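Participant:
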Amino acid sequence: MLPFSAEQLFMQDFRAISRAISLLSDNNKEMMELVASLPEGNTPVIGITGPPGAGKSTLTDKLIGELIKKDMNIAVLCVDPSSPFTKGAILGDRIRMSEWYNEPRVFIRSLATRGSLGGLPPMSKQIIDLLKASAFDYIIVETVGVGQNEIEIASLADLTIVVLVPESGDEIQMMKAGVMEIADMYVVNKCDRPGADLFAKEIRVSTHKPVIKTIANTKQGVGDLINAIENYFTK
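Mapping the sequence shown onto numbering that gives the first Met the number 0, position 203 (from 1) lands on 202, and the numbers just tick up by one.
Structure representation (structure tokens):
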């Protein structure tokens with residue numbers, strides 16, 4: 000018997016949701032059956048991905064702040080690389096977002112990749128389905144690194160945002176085969192660095208996708224990103 004009810008999940012009981020995610024991560028059969036029986040939610044899922052050092056966590060942190068100003072309830076999944084010894088997540092992202100731990104409108108959870116070849120955790124779809132049933136306004140999934148993550152997050156997200164910095168030219172060459180096709184929107188973060196305007200223009204011309212320039216540390220451009228996200232989901 001599960002230690003909570005489906006009603007607790009619907010009511011955004013964070014303790015129940017957290018326990019449910021742990022059970023899903025452990026492949027608990029009863030929990031998987033419950034999730035499969037839940038009504039399908041329509042919460043928009045935003046995938047945020049890109050190379051290491053692009054400022055994804057800082058950008059996600061600022062996005063959370065702006066969204067709760069709009070009185071929205073947000074669920075955030077931070078996909079962290081697993082420790083090779085314990086298979087537990089290295090909780091760097093949650094440490095950076097610790098400001099929101101006691102915010103009743105924000106649920107944050109780190110998920111370990113558990114050795115799934117750099118991709119998303121095995122039960123990611125079920126966890127997202129669970130959060131959709133809990134009726135958050137947005138679900139944000141932030142992934143690590145480059146490569147398989149981008150391809151996998153695009154299959155689960157309604158909007159895939161690739162975060163880059165002006166020095167990301169080499170990463171783009173490595174990513175082009177898959178990521179340039181699956182990205183719905185680009186963010187050029189740290190746009191106060193040399194070459195940012197030209198870099199953003201090159202991406203816009205080559206992909207014909209929206210490109211938003213930000214300096215996440217100072218929140219510059221974050222409002223533009225919020226507007227672009229809202230426009231994407233209302234078009």
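Note that the Cβ used here is the ideal one computed from N, Cα and C, for glycine as well. Just so you know, these numbers come straight off a predicted model, no measurement behind them.
For my contact list, Gly54 and Leu158 are in at a C-beta cut-off of 8 Å; report their separation, rounded to the angstrom.
Facilitator: No, Gly54 and Leu158 are not in contact; Cβ-Cβ is about 18 Å, not under 8 Å.
Participant: Let me know the secondary structure DSSP gives Glu21 once reduced to three states.
Facilitator: Checking the displayed sequence, the identity of residue 21 turns out to be Ser instead of Glu. Reduced to three states, the DSSP call for Ser21 is helix.
Participant: So, is Gly52 buried or exposed, given that buried needs 16 or more other C-beta atoms within 10 angstroms?
Facilitator: Exposed: under 16 other Cβ atoms inside 10 Å.
Participant: Can you list, in chain order, the residues of its chain with a C-beta nearer than 7 Å to that of Gln219? Leave out the 5 residues immediately preceding and following it.
Facilitator: The residues are Thr213.
Participant: Using a Cβ distance threshold of 8 Å, determine whether the stretch 119–135 contacts the stretch 57–70, with at least three qualifying pairs required.
Facilitator: Judged by Cβ distances under 8 Å, the stretch 119–135 makes no contact with the stretch 57–70, as fewer than three pairs qualify.
Participant: By how many angstroms is the C-alpha of Asn226 removed from the C-alpha of Val187?
Facilitator: Roughly 16 Å between the two C-alpha positions.
Participant: What distance in whole Å lies between the Cβ atoms of Thr42 and Lys131, which are believed to be in contact at a cut-off of 8 Å?
Facilitator: Sure, about 5 Å apart at Cβ, within 8 Å.
Participant: If you measure between the beta carbons of Pro165 and Ala134, is that distance less than 8 Å?
Facilitator: Taking 8 Å as the Cβ cut-off, Pro165 and Ala134 do not qualify as a contacting pair.
Participant: Excluding sequence positions up to five away, which residues of its chain have a Cβ less than 6 Å from the Cβ of Phe232?
Facilitator: Within the same chain, Phe232 has close Cβ partners Pro43.
Participant: Check whether the Cβ atoms of Asn72 and Gln11 sit closer than 8 Å, and answer yes or no.
Facilitator: Yes, they are a contact pair.
Participant: Thinking C-beta only, is Ile228 closer than 8 Å to Arg108?
Facilitator: Contact: no.
Participant: How is Lys189 classed by DSSP in three states: helix, strand or coil?
Facilitator: It is coil, neither helix nor strand.
Participant: Ser24 to Leu197, Cα distance in whole Å?
Facilitator: Approximately 43 Å, taken between the alpha carbons.
Participant: Once you ignore the five residues that flank Ser36 on each side, which residues in its own chain have a CB closer than 7 Å to its CB?
Facilitator: Around Ser36: no qualifying Cβ.
Participant: Run through the DSSP bridge pairs and tell me what Val75 is partnered with.
Facilitator: Per DSSP, Ile107, Ile139.
Participant: Which residue comes first and which comes last in the beta strand (DSSP E) that contains Thr48?
Facilitator: Looking at the DSSP string, the run of the beta strand (DSSP E) that includes Thr48 is 44–48.
Participant: Based on DSSP bridge pairs, tell me the residues matched to Ile160.
Facilitator: Paired residues: Ile47, Met184.
Participant: Is the distance from the Cβ of Val75 to the Cβ of Val105 below 8 Å?
Facilitator: In this structure, Val105 lies closer than 8 Å to Val75 by Cβ.
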